[in-house]
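Student:
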Amino acid sequence: MACSSTKKSGAGGGCANCSCASSSQGASVKLPPKTTSKTESTPLLWSTTSNNASDSYLATTASSSASTLSAAHECPATEQHDPTFVCCRDVVSADERTLIDPDFARDCIVGLSDGLTVPFALTAGLSSTGSTRLVVLAGLAELVSGAISMGIGGFLSAQAEMSHFAYNLKSTQQRVERSCGTEVQRQVHDILKGYGIAPDTSAQIAAELTAKEQARRQAEQMAAIQQNRTSNAAGRKLFGYIPLPSSSSVVATRKRVTSTDEESQQLLPEADLDQAGLTPFLLKLGEGLEPVSTSRLYISALTIGLSYFIGGIIPLLPYVFVQDAGRALLLSVIITGVILLVFGVVKQRVTGGEGGVKGYAYGAVSTLAVGGVAAGASWLLVGLLEGGGDGGI
């Protein structure tokens, strides 16, 4: 309560008519200095801050709590000296597998499954004729022609995939070149919104991808100019040096490319230029397309062809060593059946299929069923045709 009276009393200068003076001594008591801080020094019964400030405080508290919790659960790999300590990245699940390349696995599966099925069905059907020589000759002819055909098919399939990617790469680059910043942000957000990314974060990612795209183009231009210089130097070395008039535009272009190359090296110090930028982002995440190397053509052709030949030679071997067609057919069925079962289990394992007894049993039985149905249909068809031929058809 402020003093309302200016009347002084006594040597102490206390207020005569105010409660700030001591009742016993009549001396004044000095008031505490007025503070300019807006914060409260004592707890209040209600909040004096706005809702936004309160929300900000709660968010900050939650963020700090989450950071503390995350830090508490981090693996102290650099400070841990316990030999029994296992980092989270080294923890192996119960069904941990070593998977192979999906393209290579696909080619092997296509070749082996066809090789184990088609020649086996053919030899089983021809065994009803009773001539093992006919079975071997026809089986070898089909095996060689089938392996060549399957290899060529794999080559053409990979070539078509490469052409498809090249066309989409060119069209995407043209679309990126004529797109404004707003359109780029929209395209990026259309892809990332399915992952729960906010529009502001998508805009930042779009800006970063645009910068990487420009750096990649500058590096490509520099590589093209460097290649042109190399070819020109080789031509001068072959045909002799011919001085050319210097052009200011050429000098300016060289300076501009040199400066942009330095900027691109700063932007992309360690990243792969082919996989950086907006165009690879739109192709990979937007279209689901991956670049196809030239070696993929020959690897696919060789893998499918050899897989078909290896798979097809197995059911043919009993007819080479056994003269009786009936016994050879029985051995071929047993051997091929076992191989189909093993192949089904391996296929289920390396392709990431369902594990456990149920999953492996399904893979083995399904593969055996496909081969058995094909062989049974072929054997039945040849038997019916042979019986009809005896009847005069």
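Residue numbers for the sequence shown follow numbering that gives the first Met the number 0, beginning at 0 and rising by one. Glycine included, every Cβ here is placed at the ideal spot set by N, Cα and C.
Secondary structure at residue 397, three-state DSSP: helix, strand or coil?
Tutor: Because the chain here runs from 0 to 392, residue 397 falls outside it and cannot be looked at.
Student: State the Cα-Cα distance for the pair residue 186 and residue 275, rounded to the nearest angstrom.
Tutor: Translated into the one-based positions of the sequence shown, residue 186 becomes position 187. Translated into the one-based positions of the sequence shown, residue 275 becomes position 276. Each residue's Cα considered, the two are about 17 Å apart.
Student: Would residue 163 be called buried (16 or more neighbouring beta carbons within 10 Å of its own) or exposed?
Tutor: As a working note, residue 163 is residue 164 in the sequence shown. With fewer than 16 other Cβ atoms within 10 Å, it is exposed.
Student: Report, in whole angstroms, the separation of the C-beta atoms of residue 124 and residue 377, which I expect to be a contact under 8 Å.
Tutor: To locate residue 124, count along the sequence shown from 1; it is residue 125. To locate residue 377, count along the sequence shown from 1; it is residue 378. Between residue 377 and residue 124 the Cβ distance is about 4 Å, and since that is below 8 Å, they are a contact.
Student: Can you check whether the CB of residue 153 is closer than 8 Å to the CB of residue 300?
Tutor: Sequence index remark: in the sequence shown, residue 300 carries index 301 (1-based). Sequence index remark: in the sequence shown, residue 153 carries index 154 (1-based). Result yes, Cβ atoms of residue 300 and residue 153 sit closer than 8 Å.
Student: How would you label residue 306, buried or exposed, when you count the other beta carbons within 10 angstroms and need 16 or more for buried?
Tutor: Taking the first residue of the sequence shown as 1, we reach residue 306 at position 307. Its Cβ being crowded by 16 or more others within 10 Å, residue 306 is buried.
Student: Just the C-alpha distance for residue 222 and residue 230, rounded to the nearest angstrom, thanks.
Tutor: By one-based count along the sequence shown, residue 222 stands at place 223. By one-based count along the sequence shown, residue 230 stands at place 231. Rounded to whole angstroms, residue 222 to residue 230 spans 12 Å at the Cα level.
Student: What residues in its chain sit with their C-beta under 7 Å from that of residue 122, if we drop five residues either side in the sequence?
Tutor: As a first step, residue 122 is located in the sequence shown; it is residue number 123 there, counting from the start. The residues are 134, 138, 314, 315, 318 and 331.
Student: According to the Cβ coordinates, are residue 335 and residue 119 closer than 8 Å?
Tutor: If you number the sequence shown from 1, residue 335 lands on position 336. If you number the sequence shown from 1, residue 119 lands on position 120. Taking 8 Å as the Cβ cut-off, residue 335 and residue 119 qualify as a contacting pair.
Student: Can you check which of these residues, 140, 148, 116 and 159, is closest to residue 295 by C-alpha distance?
Tutor: Numbered from its first residue, the sequence shown carries residue 295 at position 296. Here the closest residue by C-alpha is 159.
Student: So the candidates are 226, 110, 132 and 114; which of them puts its Cα closest to the Cα of residue 321?
Tutor: Position 322 of the sequence shown holds residue 321. The candidate whose alpha carbon is nearest that of residue 321 is 132.
Student: Along the chain, where does the alpha helix (DSSP H) containing residue 317 start, and where does it finish?
Tutor: Here residue 317 corresponds to residue number 318 of the sequence shown, with the count starting at 1. Where residue 317 is concerned, the enclosing alpha helix (DSSP H) stretches over 316 to 320.
Student: Tell me whether the beta-carbon of residue 311 lies closer than 8 Å to the beta-carbon of residue 180.
Tutor: Your numbering for residue 311 matches position 312 in the sequence shown. Your numbering for residue 180 matches position 181 in the sequence shown. Going by C-beta atoms, residue 311 is not nearer than 8 Å to residue 180.
Student: Using CA coordinates, which residue listed in 102, 191 and 117 is at the minimum distance from residue 156?
Tutor: Residue mapping note: residue 156 aligns to position 157 of the sequence shown, counting from 1. Comparing Cα-Cα distances from residue 156 to each of 102, 191 and 117, the minimum goes to 102.
Student: When the distance is taken between beta carbons, is residue 284 closer than 8 Å to residue 151?
Tutor: Position 152 of the sequence shown, counting from 1, holds the residue named residue 151. Position 285 of the sequence shown, counting from 1, holds the residue named residue 284. Not closer than 8 Å, so no.
Student: Please identify the residue among 345, 309, 338 and 343 whose C-alpha is closest to the C-alpha of residue 110.
Tutor: Translated into positions along the sequence shown, residue 110 becomes position 111. With distances taken between Cα atoms, residue 110 lies closest to 309.
Student: Quick one, which of 184, 106, 228 and 339 has its alpha-carbon nearest residue 280's?
Tutor: Translated into the one-based positions of the sequence shown, residue 280 becomes position 281. Per the Cα distances, 184.
Student: Quick one: complete alpha helix (DSSP H) runs, 4+ long, within the stretch 294 to 371?
Tutor: You should have 294 to 312, 316 to 320 and 324 to 349.
Student: Could you check which residue in 340, 339 and 362 has the C-alpha nearest to that of residue 350?
Tutor: Within the sequence shown, numbered from 1, the residue matching residue 350 stands at position 351. Among 340, 339 and 362, the Cα nearest to that of residue 350 is on 362.
Student: Does DSSP put residue 100 in a helix, a strand or coil?
Tutor: The count along the sequence shown starts at 1 and reaches residue 100 at position 101. Looking at residue 100 - three-state DSSP - the assignment turns out to be coil, as it is neither helix nor strand.
Student: Please say whether residue 339 and residue 370 have beta carbons closer to each other than 8 Å?
Tutor: For the purposes of this step, residue 370 is taken as the residue at position 371 of the sequence shown. For the purposes of this step, residue 339 is taken as the residue at position 340 of the sequence shown. Result yes, Cβ atoms of residue 370 and residue 339 sit closer than 8 Å.
Student: For residue 282, does the count of other Cβ atoms within 10 angstroms reach 16, so buried, or fall short, so exposed?
Tutor: Taking the first residue of the sequence shown as position 1, residue 282 is located at position 283. Residue 282 comes out buried.
Student: In three-state terms, what does DSSP make of residue 275?
Tutor: Mapped onto the sequence shown, residue 275 falls at position 276. Three-state result, residue 275: coil.
Student: Determine the extent of the alpha helix (DSSP H) in which residue 286 is found, giving its start and end residues.
Tutor: Taking the first residue of the sequence shown as position 1, residue 286 is located at position 287. Premise fails: residue 286 is in no alpha helix (DSSP H) and is neither H nor E.
Student: According to the Cβ coordinates, are residue 170 and residue 188 closer than 8 Å?
Tutor: Taking the sequence shown and counting its residues from 1, the one referred to as residue 170 is at position 171. Taking the sequence shown and counting its residues from 1, the one referred to as residue 188 is at position 189. Not in contact: residue 170 and residue 188 (Cβ atoms no closer than 8 Å).
Student: Answer yes or no: do residue 113 and residue 302 have a C-beta to C-beta separation smaller than 8 Å?
Tutor: On the sequence shown, residue 113 is found 114 positions in, with the first residue counted as 1. On the sequence shown, residue 302 is found 303 positions in, with the first residue counted as 1. No, the pair does not count as a contact, with Cβ atoms beyond the cut-off.
Student: Compare the C-alpha of residue 166 against each of 177, 288, 355 and 372 and name the closest.
Tutor: Within the sequence shown, the letter at position 167 stands for residue 166. Nearest C-alpha to residue 166: 288.
Student: Any idea what DSSP makes of residue 197, helix, strand or coil?
Tutor: Here residue 197 corresponds to residue number 198 of the sequence shown, with the count starting at 1. DSSP places residue 197 in coil when its eight states are reduced to three.
Student: Rounded to whole angstroms, what is the Cα-Cα separation between residue 219 and residue 147?
Tutor: Position 220 of the sequence shown, counting from 1, holds the residue named residue 219. Position 148 of the sequence shown, counting from 1, holds the residue named residue 147. Rounded to whole angstroms, residue 219 to residue 147 spans 39 Å at the Cα level.
Student: Under the rule that 16 or more other beta-carbon atoms within 10 Å means buried, what is residue 261, buried or exposed?
Tutor: Numbered from 1 along the sequence shown, position 262 holds the residue referred to as residue 261. Bear in mind that the predicted position of residue 261 carries a pLDDT of just 47, short of 50, making it unreliable; the figure below should be weighed with that in mind. The residue is exposed, with fewer than 16 neighbouring Cβ atoms inside 10 Å.
Student: Return the chain-ordered list of same chain residues with a C-beta closer than 7 Å to the C-beta of residue 149, the five sequence neighbours on each side being excluded.
Tutor: Along the sequence shown, read from residue 1 onward, the residue named residue 149 stands at position 150. 110, 113, 303, 304 and 307, listed in sequence order.
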